[in-house]
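Asker:
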Amino acid sequence: MTVSILIFLPLIAALAVALIKNQATKHVALLFAIAELVVAALMITRFIPDASMQYVTDLPWMPKMGVYFTVGLDGINIIPVLLNVLLIPVIILASYNHDYKNANAFYALILFMQAGMMTVFTALDGFLFYVGWEAALIPIYFICALWGGENRIRITMKFFIYTFAGSLFMLLAIIYLHLQTPNRTYSISDFYDLHLTLKQQGLVFWAFFLAFAIKMPIFPFHTWQPDTYTEAPSAGTMLLSGIMLKMGVYGAIRWMIPVAPQGFDHWQYIVIALAVAGIVYASLIAFNQKDGKRLVAYSSIAHVGLIGAGVIAWTVTGVQGAMIQMLNHGINVVGLFFIWDIISRRLKTRDLDELGGIAKAAPQFAIAFLIVLLGSVALPLTNGFIGEFLLLKSLYEYNIWLSAVGGLTIIFGAVYMLRMYKKVMQGETSAISALFTDLNGNEKLVLGIICVLIIVLGIYPNVVMHLSDAAVSKLVNSVNDKISQVQSGVNIIAPQR
Amino acid sequence: MNNYLWLIPILPLAGFLINGLGRNVLPKNLIGTIASLVILAAFGLSVSAFLQVKAHGPINVTFFNWIQAGTFVVPFGFLVDQLSAIMLLIITGIGFLIHLYSIGYMHHDAGFGKFFAYLNLFVFFMLLLVLGSNYVVMFIGWEGVGLCSYLLIGFWFTNGAYADAAKKAFVMNRIGDLGFLIAIFLLVRYFGSASFADIFPKAYLITGPHATTILTLITMLLFVGATGKSAQIPLFTWLPDAMAGPTPVSALIHAATMVTAGIYMIARSNVLFSMAPITMNVVAIIGLATAIFAALIALTQTDIKKVLAYSTVSQLGYMFLGLGVGAYTGAFFHVITHAFFKALLFLGAGSVIHAVSGEQDMRNMGGLRGKLPITFFTMLMGTIAIAGIPPFSGFFSKDEILAHAYEHSPVFYVIGVIGAMLTSFYMFRMLFLTFSGKFRGTHEQEHHLHESPANMTIPLIVLAILSVVGGFIGVPEVLGGHHLLGEFLKPVFAESAKHAEAATLPPATEWGLMAISVGAAVLALVIAYVKYVSKKELPVADTEDRPALTALSYHKFYIDELYDTIIRKPLDALSVFFYKVVDKLGIDGLVNGLGSGSVEASKGLRLLQAGNVGFYLFMMVIGIIAVLLYSLNIKF
Chain A
0 MTVSILIFLP LIAALAVALI KNQATKHVAL LFAIAELVVA ALMITRFIPD ASMQYVTDLP
60 WMPKMGVYFT VGLDGINIIP VLLNVLLIPV IILASYNHDY KNANAFYALI LFMQAGMMTV
120 FTALDGFLFY VGWEAALIPI YFICALWGGE NRIRITMKFF IYTFAGSLFM LLAIIYLHLQ
180 TPNRTYSISD FYDLHLTLKQ QGLVFWAFFL AFAIKMPIFP FHTWQPDTYT EAPSAGTMLL
240 SGIMLKMGVY GAIRWMIPVA PQGFDHWQYI VIALAVAGIV YASLIAFNQK DGKRLVAYSS
300 IAHVGLIGAG VIAWTVTGVQ GAMIQMLNHG INVVGLFFIW DIISRRLKTR DLDELGGIAK
360 AAPQFAIAFL IVLLGSVALP LTNGFIGEFL LLKSLYEYNI WLSAVGGLTI IFGAVYMLRM
420 YKKVMQGETS AISALFTDLN GNEKLVLGII CVLIIVLGIY PNVVMHLSDA AVSKLVNSVN
480 DKISQVQSGV NIIAPQR
Chain B
0 MNNYLWLIPI LPLAGFLING LGRNVLPKNL IGTIASLVIL AAFGLSVSAF LQVKAHGPIN
60 VTFFNWIQAG TFVVPFGFLV DQLSAIMLLI ITGIGFLIHL YSIGYMHHDA GFGKFFAYLN
120 LFVFFMLLLV LGSNYVVMFI GWEGVGLCSY LLIGFWFTNG AYADAAKKAF VMNRIGDLGF
180 LIAIFLLVRY FGSASFADIF PKAYLITGPH ATTILTLITM LLFVGATGKS AQIPLFTWLP
240 DAMAGPTPVS ALIHAATMVT AGIYMIARSN VLFSMAPITM NVVAIIGLAT AIFAALIALT
300 QTDIKKVLAY STVSQLGYMF LGLGVGAYTG AFFHVITHAF FKALLFLGAG SVIHAVSGEQ
360 DMRNMGGLRG KLPITFFTML MGTIAIAGIP PFSGFFSKDE ILAHAYEHSP VFYVIGVIGA
420 MLTSFYMFRM LFLTFSGKFR GTHEQEHHLH ESPANMTIPL IVLAILSVVG GFIGVPEVLG
480 GHHLLGEFLK PVFAESAKHA EAATLPPATE WGLMAISVGA AVLALVIAYV KYVSKKELPV
540 ADTEDRPALT ALSYHKFYID ELYDTIIRKP LDALSVFFYK VVDKLGIDGL VNGLGSGSVE
600 ASKGLRLLQA GNVGFYLFMM VIGIIAVLLY SLNIKF
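Right under this line is the structure:
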């Protein structure tokens, strides 16, 4: 078996679904997504949790240009891959309650996006990575621009230009790295082996950082995000926040830091400060949001800021924390946006001031909402805790004061999340909320899956974390070796060709 | 023999799952029975664990590795030693009585099943907290009980104020939790582990110029955690608001168990604290200040549960005073006796509230002695116990703390005695206002006055007996007794005792101190009697003016308003500023400016661009497909 199946299966699925213009569309899409999940699950169960690359495909694509179709599965990408195959069926299922126009195109785009993101997560060739990066952007652009809210055109355009601009810098960096390789390839191992000067590494680092910081987003590159999340259709928001932003986190771990270790080391203090500042900044903004979706959008900036900070602190604990938290954040944020989808579909509003007292009318919904919320505020024995614990610990290892500032997220997170819960679910039942009916079968299924994942991963996180442990340790230590070699003067910068 | 330990927390968890899932299906009696029986069974196992510890010493079990990230490993394990064994007995024993009581108290509530599910869940987390063999497992329980506290304070969530109280409790606890969390990081950094068994033996080995600084920092951060959970200055204001929850919750969570978690945690970490004298002083001063401050507020409160809430804050302050002056046994002794008499007092208050159709204002009570004889008599026992009048339980534990405070500094002792005097006054004030004189409520209420059913009075009676005799587990030697508790707990505090100055007071001094504190308590009793029984004084209505000092106490020294002004409002303003100015105008303005700027600049290149993103995308798709086709052509 090879991991390239996971790229081509959804691609074929997208084409097939695009051709089915009837009621069966969504079911076919779901079946394909489940098939993808099953294939991936088979691979993961047979995965050997060491630091090796498995299920590799290595084919010449445009060999004259040095481009190879190289993909593989290892401890670094296994969790993002798992996230991708796990959430796509959930997101499709969550879209069942909507009667989208041109449903075939809608579901085909979701599957196409899955293929794009899968390419990003599994690519071991810089060119392929970039192709996947842009290929994932196109479907989400159309999903937002065609099925989004009132201001969708202007906002989606901004989102597109913003992220596209970021990725252009990354493209420049990739081409630049390519030109430095001895055999003119895009292979990641060749990139890792380069000996660039500190200045060169600094430039490469910043180019990658821009692309990844915009995608995640990291403060202050975030202003496209709240608007886009708010205006996008629910499935689009889930795709963006649940999976796509992890391309940025993953890119930092796989590409940015190992490719330019000394550049990273040199600028680390600035980017970690940005990430931590974003945690507090976005949390504070979330305090007073009236629109539920926008509130969750800002909370996501805060949560992702912590993931980013943990990665940038670059310890085994931090990167492992980022790994598990990528999965956890994906699950929780999809849960939160689905909750807002349920509310706004029923009541046609997301204004916290108009809601209130839903818990009384809908106890099942109240329980599900509470569990997702507890995951988001990182209560122990829910999935969020383990990730935040490791990320904050890693931040602490970098600097105790930064961990104290970043740690404010556990207080602020409780403030804005509980405020939201109180305004929506508790208190007197408002006139609008009185119309709320409890969950239907489909919604129960989606939220049931999410709640089970939240609790299972909270009680036994090792079920996933052991997959990445060895590879993360190896990667982090090898990068740290490169950094310390230079600092101790062992390694002199290699001569330029 | 160790393989039943995991059952102790699992039983309440099973109760939670059964009652949680069956809350709308199962009959009320069955729900109440299941919920109580799982706790009773856990109590039985706890007794067994207690006896085993007594006979063979601590039990340490590891189940599996919970967290594993590189070389950092956190096992999921339990430690039952003398300290946790006693906590197990308190939690499951008093927990069972309160479950039993709740069957009667909550009988008419629509959320009966939900209530018992939450209560079971609370016991589960509380047991995890005391059973954890490392700080991380303790932290699971620590935050878990916070969640249950949130759920139960906001149990009647359709009342917005109650929901706010729940939120406040959770957030204030989280402030403390951040301190706890960073303390854990420091511990792992300097000891390489979060397990008690790894940390405490090594604590004395830490040397070097920064050793004291590090230990002071760690213990201060742990104490920050404790101030949140155990409602000490400055994080105490959530506890009085927490009275929004049903009264059995106040008894179990906000008096007997959860709020003592901070004391448990410090007693557990006594080795670390005894090496950080600065922290010890801070703990003592904060404890003493809280004890006095809360007592002053309790003097004028008119809500029966608020009096008890401030009393709890105050008593917890005494426990911290005890810890701070190194009287670990005394502090823990007070945890035990306080669990008896404060659970009793809350349940008694619940019985009163039950009888007067939900009324909590003592101005509308009075004269209930005849109608609620069992409640009155048991609450009288509890009041005498908390007032520190011998030979009731509160006397022994409070006396032990005050004696150690005297050794530490006579000033602490004097302030402590003043606090004890205030305690005696406000408690008897509460008792007299509620039970003596004539009934001041409505006729409707008077008509319904009744003693509570047996499942409520039996727990009262059991707790009353414990409140009376509970002190005999720690009779000081000067009274010719044996400090059974002190001997039992000796191994836990042995290491830190070695490093403390072992000064004992001369018997004459000890007798004198006792006489002073008992005299003060009795004097306060008499004043309260004269004021509220002989002169039949009543607290004035809210519409009337109060003398300045009384008003200050009645309005809780305006602490909530102060926090609102110096913390909440500035953060809110910052939030709005960040959103409207920095984010919208500043950053986004800059981004949009860059965008429109480049559009302007590129006007000359208009011929090449259609300004249509869709078109570009279309071209990109074509391009990617072309590349794909090209590659397929080559290799597939």
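From first to last, the protein sequence lines are chains A and B.
In terms of numbering that gives the first Met the number 0, the first sequence opens at residue 0 and continues consecutively.
In terms of numbering that gives the first Met the number 0, the second sequence opens at residue 0 and continues consecutively.
Backbone N, C-alpha and C fix where the C-beta goes; we use that ideal spot for every residue, glycine too.
1. Check this for me: beta carbons of residue 8 of chain A and residue 34 of chain A, under 8 Å apart or not?
2. Buried or exposed, going by whether 16 or more other CB atoms sit within 10 Å of the CB of residue 467 of chain B?
3. Quick test of the definition: if touching needs 3 or more C-beta pairs under 8 Å, does the region 374-392 of chain A touch the region 404-413 of chain A?
4. Contact between the region 285-299 of chain A and the region 102-121 of chain A: three or more CB pairs below 8 Å?
5. Residue 314 of chain B by DSSP, collapsed to three states: which one?
6. Please list the residues of the region 573-599 of chain B that have a C-beta atom closer than 7 Å to any C-beta atom in chain A, keeping them in chain order.
7. Tell me which residue opens and which closes the alpha helix (DSSP H) that residue 204 of chain B is part of.
8. Buried or exposed: which applies to residue 515 of chain A, given that a residue is buried once 16 or more other Cβ atoms fall within 10 Å of its Cβ?
9. The beta strand (DSSP E) that contains residue 287 of chain A, what's its start and end?
10. According to the neighbour-count rule (16 or more other Cβ atoms, all chains shown, within 10 Å of its Cβ), is residue 209 of chain B buried or exposed?
11. Quick one: what does DSSP say residue 98 of chain A is sitting in, helix, strand or coil?
12. Hey, out of A:229, A:3, A:102, A:259, whose CA is closest to residue 207 of chain A's CA?
13. What distance in whole Å lies between the Cβ atoms of residue 308 of chain B and residue 242 of chain B, which are believed to be in contact at a cut-off of 8 Å?
14. Is there contact here, the region 309-319 of chain B with the region 354-372 of chain B, by at least three beta-carbon pairs under 8 Å?
15. Which runs of the alpha helix (DSSP H) fall wholly inside the region 235-270 of chain A and span at least 4 residues, in chain order?
16. Just tell me which of A:414, A:52, A:236 has its CA closest to the CA of residue 168 of chain B.
17. Cα separation between residue 79 of chain A and residue 109 of chain A?
18. Can you name the start and end residues of the alpha helix (DSSP H) that residue 82 of chain B belongs to?
19. Does the region 449-466 of chain A touch the region 333-346 of chain A, meaning 3 or more C-beta pairs lie closer than 8 Å?
20. Residue range of the alpha helix (DSSP H) that residue 168 of chain A falls in?
21. With a threshold of 8 Å on Cβ separation, who are the neighbours of residue 342 of chain B within its own chain once the five nearest residues in sequence on each side are excluded?
22. Chain A partners of residue 174 of chain B, CB-CB under 7 Å?
23. Could you tell me which residues DSSP puts in a beta bridge with residue 66 of chain A?
24. Mapping DSSP to helix, strand and coil, what is residue 103 of chain A?
25. Around the C-beta of residue 418 of chain A, are 16 or more other C-beta atoms found within 10 angstroms, so that it is buried, or is it exposed?
26. In chain order, what residues of the same chain have a beta carbon less than 7 Å from the beta carbon of residue 454 of chain B, not counting five sequence neighbours either side?
27. So the candidates are A:220, A:324, A:287, A:427; which of them puts its Cα closest to the Cα of residue 568 of chain B?
28. Measuring alpha carbon to alpha carbon, tell me which of B:72, B:157, B:369 ends up nearest residue 449 of chain B.
29. Does any residue of chain B bring its CB to less than 8 Å from the CB of residue 491 of chain A?
30. Quick one: give me the first and last residue of the alpha helix (DSSP H) that residue 162 of chain B is part of.
31. Does chain A have any CB closer than 8 Å to the CB of residue 123 of chain B?
32. I need the straight-line Cα distance from residue 456 of chain A to residue 77 of chain B, nearest angstrom please.
33. Of all the CB atoms in chain B, is at least one closer than 8 Å to the CB of residue 192 of chain A?
34. Does any C-beta atom of chain B lie closer than 8 Å to the C-beta of residue 460 of chain A?
35. Quick test of the definition: if touching needs 3 or more C-beta pairs under 8 Å, does the region 118-131 of chain B touch the region 10-26 of chain B?
36. Contact criterion: CB-CB distance below 8 Å. Does residue 496 of chain A meet it with respect to chain B?
Answerer: Quick look at the numbers:
1. Taking the first residue of the first sequence as 1, we reach residue 8 of chain A at position 9. Taking the first residue of the first sequence as 1, we reach residue 34 of chain A at position 35. In contact: residue 8 of chain A and residue 34 of chain A (Cβ atoms closer than 8 Å).
2. As a position in the second sequence, residue 467 of chain B is number 468, starting the count at 1. Buried, since its Cβ has 16 or more Cβ neighbours within 10 Å.
3. The region 374-392 of chain A is in contact with the region 404-413 of chain A.
4. By the Cβ rule, the region 285-299 of chain A does not count as touching the region 102-121 of chain A, because fewer than three pairs are nearer than 8 Å.
5. For the purposes of this step, residue 314 of chain B is identified with residue 315 of the second sequence, where counting begins at 1. Helix.
6. 573, 574, 575, 577, 578, 582, 586, 587, 590, 594
7. By 1-based counting over the second sequence, the position of residue 204 of chain B is 205. Note, residue 204 of chain B: premise wrong, no alpha helix (DSSP H); not H, not E.
8. With chain A covering 0 to 496 only, the question about residue 515 of chain A has no answer from this structure.
9. Residue numbering aside, residue 287 of chain A sits at position 288 when the first sequence is read from its first letter. Element bounds for residue 287 of chain A: n/a, residue is neither H nor E.
10. For the purposes of this step, residue 209 of chain B is identified with residue 210 of the second sequence, where counting begins at 1. With fewer than 16 other Cβ atoms within 10 Å, it is exposed.
11. Working through the first sequence from its first residue, we reach residue 98 of chain A at position 99. DSSP places residue 98 of chain A in coil when its eight states are reduced to three.
12. On the first sequence, position 208 is the one that residue 207 of chain A refers to. The option with the nearest alpha carbon to residue 207 of chain A is A:259.
13. The sequence position of residue 242 of chain B within the second sequence is 243, counting from 1. The sequence position of residue 308 of chain B within the second sequence is 309, counting from 1. About 5 Å separates the two Cβ atoms, so the contact holds.
14. Too few Cβ pairs lie closer than 8 Å, so no.
15. 244-250
16. Working through the second sequence from its first residue, we reach residue 168 of chain B at position 169. Residue 168 of chain B has its Cα closest to that of A:414, out of A:414, A:52, A:236.
17. Against the first sequence, residue 79 of chain A aligns to sequence position 80. Against the first sequence, residue 109 of chain A aligns to sequence position 110. Cα to Cα, residue 79 of chain A sits roughly 17 Å from residue 109 of chain A.
18. Start at 1 with the first residue of the second sequence, and residue 82 of chain B comes out as number 83. Taken as a continuous stretch (DSSP letters only), the alpha helix (DSSP H) holding residue 82 of chain B covers 81-104.
19. Counting Cβ pairs under 8 Å, three or more are found: they touch.
20. Working through the first sequence from its first residue, we reach residue 168 of chain A at position 169. Where residue 168 of chain A is concerned, the enclosing alpha helix (DSSP H) stretches over 151-179.
21. By 1-based counting over the second sequence, the position of residue 342 of chain B is 343. Excluding positions up to five away in sequence, the list reads 93, 96, 97, 250, 251, 254, 255, 462.
22. Residue mapping note: residue 174 of chain B aligns to position 175 of the second sequence, counting from 1. Those are 410, listed as they occur along chain A.
23. Along the first sequence, one-based indexing puts residue 66 of chain A at 67. Paired residues: A:61.
24. Position 104 of the first sequence, counted from the first residue, corresponds to residue 103 of chain A. In this structure, residue 103 of chain A counts as helix in the three-state DSSP scheme.
25. Start at 1 with the first residue of the first sequence, and residue 418 of chain A comes out as number 419. Classification of residue 418 of chain A: buried, given that the 10 Å Cβ count is 16 or more.
26. To locate residue 454 of chain B, count along the second sequence from 1; it is residue 455. Cβ within range, chain order: 99, 100, 102, 103.
27. Within the second sequence, numbered from 1, the residue matching residue 568 of chain B stands at position 569. The option with the nearest alpha carbon to residue 568 of chain B is A:287.
28. Taking the first residue of the second sequence as 1, we reach residue 449 of chain B at position 450. Ranking B:72, B:157, B:369 by Cα distance to residue 449 of chain B puts B:369 first.
29. By 1-based counting over the first sequence, the position of residue 491 of chain A is 492. Residue placement at residue 491 of chain A cannot be trusted, given a pLDDT of 43 that sits under 50; what the coordinates show is reported in the next sentence. For residue 491 of chain A, no CB of chain B lies under 8 Å from its own CB, so it is not counted at the interface with that chain.
30. Along the second sequence, one-based indexing puts residue 162 of chain B at 163. For residue 162 of chain B, the uninterrupted alpha helix (DSSP H) segment begins and ends at 159-190.
31. Here residue 123 of chain B corresponds to residue number 124 of the second sequence, with the count starting at 1. It does not: the Cβ of residue 123 of chain B has no partner Cβ on chain A nearer than 8 Å.
32. Here the question's residue 456 of chain A lines up with position 457 in the first sequence. Here the question's residue 77 of chain B lines up with position 78 in the second sequence. Each residue's Cα considered, the two are about 21 Å apart.
33. Along the first sequence, read from residue 1 onward, the residue named residue 192 of chain A stands at position 193. No - not a single Cβ of chain B is within 8 Å of the one on residue 192 of chain A.
34. Position 461 of the first sequence holds residue 460 of chain A. Yes, contact with chain B.
35. yes
36. Sequence index remark: in the first sequence, residue 496 of chain A carries index 497 (1-based). Low confidence applies to residue 496 of chain A: its pLDDT is 36, below 50, so where it sits in the model is not reliable enough to give any reading.
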